[in-house]
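Visitor: Following our numbering, the numbering of the sequence shown begins with 10 at its first residue and continues without gaps.
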Amino acid sequence: MSVLPQISCNSPPTLFRCQSRDVNGCAVLTGYRRTFQAGNNGSINSISDRGTQLPGHREIDKFGQNRDSVFFRDGVRRIDFVLSYVDDKDGDKKAERRREFEANLEKAGLELETEDKSASDDRKTYYLKIHAPWEVLATYADVLKIKVPFKASDIPKAREVPLEWFTHPFRLPDNIMRPEPDYFTAPFDKSKVDFFLIDDKDTFFPPSTRNRIVYYILTRCPYYKEDRKEKDKTGIKRLLNNSTYTSAYPLHDCQYWKKAQDMQCESERYHLYRYWARFLCFYKEQPLNLIKKYYGEKIGIYFAWLGFYTEMLFFAAVMGVICFVYGVLSYEDNITSKEICDPEIGGRIVMCPLCDKKCSYWKLNSTCLSSWQSHLFDNEGTVFFAMFMGIWVTLFLEFWKRRQARLEYEWDLVDFEEEQQQLQIRPEYELKCTGRRLNRITQEMEPYLPFPSKCARFCLSGATVLFWTCLIVACIMGVIAYRLAVYAAFASVMKDSSTSKIQLVGSLITPQLATSVTASCINFVIILILNFLYEHVAIWITDMEIPKTHLEYENKLTMKMFMFQFVNYYSSCFYVAFFKGKFVGHPGNYSYMFGKWSMLRNEECAPGGCLIELTTQLLIVMAGKQMVGNVQEALLPLLRNWWGSRKGRSHPESTYSRWEQDHDLQNFSQFGLFYEYLEMVIQFGFITLFVASFPLAPLLALFNNILEVRVDAWKFTTQFRRPVAAKARNIGAWEEILNVVAILSVDSYPRIPHPKSNSVPVKLPSKLIMSGKRNIWSCNQNGAFIMAFTSDMIPRLVYLYAYHPGSVATMEGYITNSLSFYNISQIPLLNLPEPEENPSWFNSSTITTCRYRDYRFPPGHEKQYTHTMQFWHILAAKLAFIIIMEHVVFVVKFFVAWLIPDVPAEVKARIKRERFLVQEYLHNYEVEKLKMQLSQSFCLSTETASLLPSSPKCTCITAHLQWRKAWRYITEISAPNPLECGLLLLRLSLEKAAGNLTDE
């Protein structure tokens, strides 16, 4: 378990500060403590009367306070973190916890200052302000290996690209895009402070780094007494859970609508709102460097990915619109729809009933409108669009890796390895894992979870996920049963076309459409309910597994949530795409969902296929999710903040300070980014897995994402408290999930590592997933399967080139060719419609056969009602299409993946150049430092020898140690300067000859 360095402060309470000594004997400021006279303040007086005072409490000065101040009352020390609490019925226990916790914070070196509740907007809340002095920041920057600048970069910037003037309207001011100069950086070393560019210790570490360090201390600081080692009483998270403190957060630097009055404040929040969070800036680029500086790399990489994804969606949206426009322009050339709508063709074709008892015979031309609608999305252009999307997915993933590599270099994340996360072991893991074992790598004792306990937790977690997955399948089966049952009801109600009297939309309403829309809406509501319930279950089972690190916790939760959401959102679309209409049977031998006793006959597709119904399902679920998500993200935080700050507005005489304003904002939870990624990845699945059925899906996603970027920016800037900064070099497990979705959507081949790639596989919770260029076999080609088995494209092409009448290829006669005959007299009584259900035009004496969608021999044939040879030709063509499209996309994807390296050559060269320069500067620094030490020790040893003439063998201890250090430096440091090395060896030899060095 991590133990914070504790420094005892024994100075009396009336002193303003207590000091201790660091390892070098230098005085270190460790805490401020001021006496407090509470006057008529009951709760605080009760603590003071017991002779013990909460650390950090001091008298409130109500005059001269800057409402936007982010500093202590002295105007010098910056507020790095704020804790709030209220007095309640259980005040004594909580006050005791706070007293011990704050005392331990002071021992760790933090400085505290408390604002009394009388100055707060609600007259109930106390605010504890925390400041980390230089000594604390330097210590933990060394522990966390935080990179800091040591020299201005001399690497020239990239050249301007041609036609750069064209992008000027989309650009932001240079001071917003590049808020910091470019430096060479190195991990901070407390023993080499003079090596780094430290102009001002108060501003050397930016606020995001300061709050990250303070939060690291808060999560590991205990609140038990020294005489009682209660390991579970540790960390601010536990204190928040038991309501000892009500909130913990770093401060925004100013109000978002105007700059800070204090010139020492950066006003970065104001710049972010002005140039990023307003919707009128939707066409502008994002200030990613400023986002990273203010919120940290983890949030910065999310917005970088979201912006890049939105940019790439533009190309997919353009191609989707072209495909849709082609369908509109070829509207009049659609012979199939013309035949269906023709009264002489479609009006004379009598179709068999679509359900038992309640469904009557119907004419084919009743589906005229749906056949025209289907042509808009199911045409020749759809095939090319599906192939384009397969290539687009590859380009998106490959170019994102390049963009990510560039960001890693620019944001100093190249050497940020996941092993550094081991320094950030979750406090919950340290507390719950009481066993200890030796780490083979570090040779230190560390907590661990016994294997039997880990297996039991894993099995329980897996069983829970399996149960909820089965629950989703059960709900989908229920929706399918609803579709089967309600279709008969709609067919019975609409048999006299009562809905046609409805203005505008009356002619559009059919039993098929009514069933599809209502079932899709019910399914969407079920999706939202199951999501809400499962979120809490997923968090509970992930907590139960006790992951070791924050990274492992996020990966496990991500996998659980995505697996559930994948089944929840996509299962209904998979049913329509691959199951509906495939297991129907034929008149006289229909298939039933739960057997004939259920009377629920499997659904059939319309004569034009199920693609238009898949489009309806996709549109309702995808668009509904986007609308609900935007309402939740925009309205709910706004309403909550309005409700929470209403009391502050009712007391205009009170000072509405910076910490109170931030306290009234919404807390940014640890799952904040998780839900943002999840929303976008689910959308990515919609536009890749089922895009062949709805080419306009990328356009809807593009509009949504343009809004999403600004809504998220607005939330972060105006509605949320400032998150604790966190580092991340990539989007984590989401990158693996995107690759899996891409594999399911477009390819069926092994991913081959790029010959120039240096990526190393990283083991995630799912052991089948690798990082970088993956070595996993994909399962299917979803886009090709949709085109082959859901669309009616392949049967039409087979008819056009193999079964058309005459010598000229034409689609005339396709409808008649695609429908089989069945003798009405042979239909079983169970399947026959009731007499009152038959339409007025039906006459059983003149109409002896009905048609159904299949390729079977007609009645009277020796092979009646068995599949014809055309059926097998079409099936072979579908399989051939899948294989051909798969290999075409495979070749293009393989070539693109080979052609585009993950890391740009320019970035590789810059990384190597920077590493070389860093090593050179560090070496020169060590050499210069050693020269100075040798000079000092030589003078010191000479003076010592003159003072001790009777003891020539005696050596000054300091000089002796310095010479031994020099010898170790010369023999151990690799590749020193030969000239300097020779001079040092000569000096050592002379000193040894003079008797100032012993043989040891």
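Beta carbons: idealized from backbone N, C-alpha and C, even for Gly.
Quantities reported herein were computed from a predicted structural model and do not represent experimental measurements.
Please confirm whether Ala797 and Val720 have their CB atoms less than 7 angstroms apart.
Guide: no
Visitor: Looking at Leu674: is its Cβ nearer than 7 angstroms to the Cβ of Asn650?
Guide: yes
Visitor: Going by the DSSP bridge assignment, what does Gln675 pair with across the sheet?
Guide: Phe729
Visitor: Taking all protein chains shown into account, decide if Glu122 is buried (16 or more other Cβ within 10 angstroms of its Cβ) or exposed.
Guide: Counting C-beta atoms within 10 angstroms of its own C-beta, Glu122 has 16 or more neighbours from the protein chains shown and is therefore classed as buried.
Visitor: By the 10 Å Cβ neighbour count, where 16 or more other Cβ atoms means buried, how is Ser371 classified, buried or exposed?
Guide: Just to set this straight, residue 371 is Trp in the shown sequence, not Ser. Its Cβ being crowded by 16 or more others within 10 Å, Trp371 is buried.
Visitor: Measuring only the C-alpha atoms, how far is Asp151 from Val202?
Guide: Spanning the two alpha carbons is a distance of roughly 11 angstroms.
Visitor: Pull up the CB-CB distance for Ile485 and Ser581, whole angstroms please, since I reckon it's below 8 angstroms.
Guide: 6 angstroms
Visitor: If Glu294 and Arg180 are in contact, beta carbons under 8 angstroms, what's the gap, nearest whole angstrom?
Guide: 6 angstroms
Visitor: Rounded to the nearest angstrom, what separates Val474 and Gln679 at their Cα positions?
Guide: 22 angstroms
Visitor: Count the C-beta pairs between the stretch 249-260 and the stretch 730-738 that are closer than 8 angstroms, then say yes if the count reaches three, no if not.
Guide: yes
Visitor: For Gly329, which residues in the same chain have their Cβ closer than 8 angstroms to its Cβ, ignoring the five residues on either side in sequence?
Guide: Phe394, Val700, Pro704, Leu705, Ala706, Pro707, Leu708
Visitor: Starting from Gly309, follow the alpha helix (DSSP H) in both directions and report where the run begins and ends.
Guide: Counting along the chain, the alpha helix (DSSP H) containing Gly309 begins and ends at 306-338.
Visitor: Where are the alpha helix (DSSP H) runs, 4 residues long or more, that stay fully inside the stretch 90-132, in chain order?
Guide: 100-116
Visitor: Buried or exposed: Thr61, going by 16 or more other Cβ atoms within 10 Å of its Cβ?
Guide: Legend: pLDDT at Thr61 = 41, less than 50; position of this residue unreliable, value from coordinates given subsequently. Classification for Thr61: exposed.
Visitor: Could you pull the start and end residues of the alpha helix (DSSP H) that Asn220 belongs to?
Guide: Its alpha helix (DSSP H) spans residues 216-227.
Visitor: Looking at the structure shown, is Ala257 part of a helix, part of a strand, or coil, going by DSSP?
Guide: strand
Visitor: Quick one: Cα of Pro556 to Cα of Pro456, how far?
Guide: Cα-Cα distance, rounded: 12 angstroms.
Visitor: Would you give the residue range spanned by the alpha helix (DSSP H) that Ala547 belongs to?
Guide: 520-554
Visitor: From Asp97 to Lys133, what does the alpha carbon distance come to, in whole angstroms?
Guide: 10 angstroms
Visitor: What is the rounded straight-line gap between the Cα of Gly1012 and the Cα of Val905?
Guide: Nothing in the structure corresponds to residue 1012, since the chain is present only between 10 and 1009.
Visitor: How big is the Cα-Cα spacing for Leu315 and Thr376?
Guide: Their Cα atoms are separated by approximately 42 angstroms.
Visitor: I'd like to know if the stretch 854-861 and the stretch 819-835 are in contact, where contact means that at least 3 CB-CB pairs between them fall below 8 angstroms.
Guide: yes
Visitor: Identify the continuous alpha helix (DSSP H) that holds Asn826 and give its terminal residues.
Guide: 823-827
Visitor: Quick check: the Cα distance between Ile139 and Tyr284, rounded to an integer number of angstroms?
Guide: Going by the C-alpha atoms only, they are around 31 angstroms apart.
Visitor: Checking contacts by CB at 7 angstroms: is Leu674 closer than that to chain C?
Guide: Going by chain labels, chain C is absent from the structure shown, which holds only one protein chain.
Visitor: Assign Val771 to one of three DSSP states: helix, strand, or coil.
Guide: With a pLDDT of 36 at Val771, under the threshold of 50, the modelled position of this residue cannot be trusted; read the value that follows with caution. In the structure shown, Val771 sits in coil (DSSP, three-state: anything other than H, G, I, E or B).
Visitor: Is there at least one non-hydrogen atom of the ligand ADP closer than 6 angstroms to the beta-carbon of Arg924?
Guide: Looking for the ligand ADP in the displayed structure turns up nothing, as the structure carries no ligands at all.
Visitor: Are the beta-carbon atoms of Val576 and Leu623 separated by less than 7 angstroms?
Guide: Going by C-beta atoms, Val576 is not nearer than 7 angstroms to Leu623.
Visitor: Using alpha carbons as the reference points, say which of Glu871, Tyr225, Thr212, Thr255 lies closest to Cys274.
Guide: Thr212
Visitor: In the DSSP assignment, the alpha helix (DSSP H) including Ile892 goes from what residue to what residue?
Guide: 878-908
Visitor: Whole angstroms are fine: how far does the CA of Pro814 sit from the CA of Leu747?
Guide: 47 angstroms
Visitor: Pop quiz: Tyr136 and Pro158 are said to be a contact at Cβ under 8 angstroms. What is the actual Cβ separation, rounded to whole angstroms?
Guide: Not confirmed; about 34 angstroms, so no contact.
Visitor: For Lys589 versus Glu612, is the C-beta distance shorter than 7 angstroms?
Guide: yes
Visitor: Quick one: measure Cβ to Cβ for Leu620 and Asp387, integer angstroms, because I've assumed they're closer than 8 angstroms.
Guide: 5 angstroms
Visitor: So for Asn611, helix, strand or coil by DSSP?
Guide: In the three-state scheme derived from DSSP, where H, G and I count as helix and E and B as strand, Asn611 is classed as coil.
Visitor: So, Ala326 versus Leu711, is the Cβ gap smaller than 7 angstroms?
Guide: yes
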